[in-house]
Amino acid sequence: MEIRVLKYFLAVARYGNITRAAEELHLTQPTLSRQLNELENELGRQLFIRGKRKVMLTEEGEFLKARAKEIIALSDSTVAALSQEEQVSGDIFIGCGETEAMREVIAAVAPLRQKYPDIRLHLISGNEASITEKLKKGLLDFGLVCRKTPPVEYVYRRLQHQDTWGLLMKSTNPLAQKDAVTREDLLHEPLIISRQLLDSKEFDHWLDKPAEELELVASYNLLHNTVFLVEQDFGSVLCFDRIVSENNCADLVFRPLMPPLYSSNYIIWKKEQVFSKAGRLIKDCFDKLTIV
296 MEIRVLKYFL
306 AVARYGNITR
316 AAEELHLTQP
326 TLSRQLNELE
336 NELGRQLFIR
346 GKRKVMLTEE
356 GEFLKARAKE
366 IIALSDSTVA
376 ALSQEEQVSG
386 DIFIGCGETE
396 AMREVIAAVA
406 PLRQKYPDIR
416 LHLISGNEAS
426 ITEKLKKGLL
436 DFGLVCRKTP
446 PVEYVYRRLQ
456 HQDTWGLLMK
466 STNPLAQKDA
476 VTREDLLHEP
486 LIISRQLLDS
496 KEFDHWLDKP
506 AEELELVASY
516 NLLHNTVFLV
526 EQDFGSVLCF
536 DRIVSENNCA
546 DLVFRPLMPP
556 LYSSNYIIWK
566 KEQVFSKAGR
576 LIKDCFDKLT
586 IV
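In the working numbering, the protein residues as written are 296 to 587.
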């Protein structure tokens, strides 16, 4: 498969119309149709259902669409990194969860901005699963993950900051009158829980029973939108402290778990990662952080 042909394929997928895609690509319609037919023949799969006015993707076409976007993004970033190697500039992609540990990450790389203003940072929010998937595919240079144990399958640096788990709830909730929330308190509370915490055996250990025995009303992978659920009395959310500002959500309060439950933070990259000059400078900054 050629990158050029994948771009043709994505243009047709975007417009759902070969004529409009051909106009954007400055090709004749017969030329574009031939390229698509050759792509289908090469893959041995039908990618489009062709109607009189509109073409739609088959299931195989939807799969290729997702992969083609990743391939082209990786190709573009590789070309950009090589073309900028002579000067200290370029794009650095960092995947990150919602954690106060990002302050530590940004503080580590901020001095580079003064010396090398052409280095551009791109922060991609996500949970650990999405971050590691993008790292493996080469779509991220670094990732920040929150977990109990070190991610030994990657090169990692442990940050100083630890996140404290607790309950974010309405101020009218009786539990808001307590200094901390216990296991027993959670057994009778409708809960909104992160997928990462649900999958964590450490939480089952802390709870002293499977998390599935709790009253689960919703789950999330990023916290921000759960605030609206709490405000509308869906339940209370198990989350990290200091991610949602109580100053901006005056009706909500956070109480830590007791006994405490913490997650450590690790900046990670692939063991075989080949960095651009800008990437090596960022890595050098992370190398100065705490090593476990």
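We treat Cβ as the ideally placed atom computed from N, Cα and C, and that holds for glycine.
Outcome for residue i when other beta-carbon atoms lying within 10 angstroms are tallied against a minimum of 16
| i | result |
| --- | --- |
| Glu380 | Low confidence applies to Glu380: its pLDDT is 49, below 50, so where it sits in the model is not reliable, and the reading given next is rough at best. By the 10 Å Cβ count, Glu380 comes out exposed. |
| Gln285 | Nothing can be reported for residue 285, as the shown portion of the chain is limited to 296 through 587. |
| Ala405 | exposed |
| Ala306 | buried |
| Phe549 | buried |
| Gly530 | buried |
| Thr373 | exposed |
Those residues which DSSP pairs with residue i across a bridge
| i | result |
| --- | --- |
| Gly385 | Ile414 |
| Ser372 | The partner list for Ser372 (beta bridge, DSSP) is empty, contrary to what the question assumes. |
| Asp458 | Ser558 |
| Val532 | Leu463, Ile487 |
| Leu407 | In the DSSP output, where bridge partners are listed per residue, Leu407 has none listed. |
Residue i versus residue j - alpha carbon distance
| i | j | result |
| --- | --- | --- |
| Phe437 | Leu430 | 7 Å |
| Tyr449 | Cys391 | 15 Å |
| Glu393 | Cys534 | 10 Å |
| Ala363 | Trp501 | 43 Å |
| Lys566 | Gly433 | 12 Å |
| Arg415 | Lys504 | 46 Å |
| Gln527 | Ser420 | 25 Å |
| Gln491 | Asn516 | 7 Å |
| His417 | His519 | 20 Å |
| Cys580 | Gly574 | 10 Å |
| Pro446 | Ser559 | 11 Å |
| Ala424 | Val569 | 22 Å |
| Glu357 | Arg309 | 11 Å |
| Glu510 | Ala403 | 41 Å |
| Arg348 | Asp499 | 55 Å |
Closest Cα partner of residue i within the set the options
| i | options | result |
| --- | --- | --- |
| Arg452 | Leu334, Arg329, Phe570, Ile562 | Ile562 |
| Val532 | Asn332, Lys496, Lys443, Ala471 | Ala471 |
| Lys572 | Leu352, Ala375, Leu334, Glu318 | Ala375 |
| Ile366 | Glu395, Arg309, Val300 | Val300 |
| Asn422 | Tyr411, Cys441, Gly461 | Cys441 |
| Asp474 | Glu333, Leu509, Leu552 | Leu552 |
| Asp595 | Leu359, Phe358, Gly385 | Any answer about residue 595 is impossible in this case: the structure gives the chain only from 296 up to 587. |
| Pro555 | Thr459, Gly346, Lys349 | Thr459 |
Sequence ranges, alpha helix (DSSP H) only - wholly within the region 449-512, length at least 4: 478-481, 490-493, 496-502
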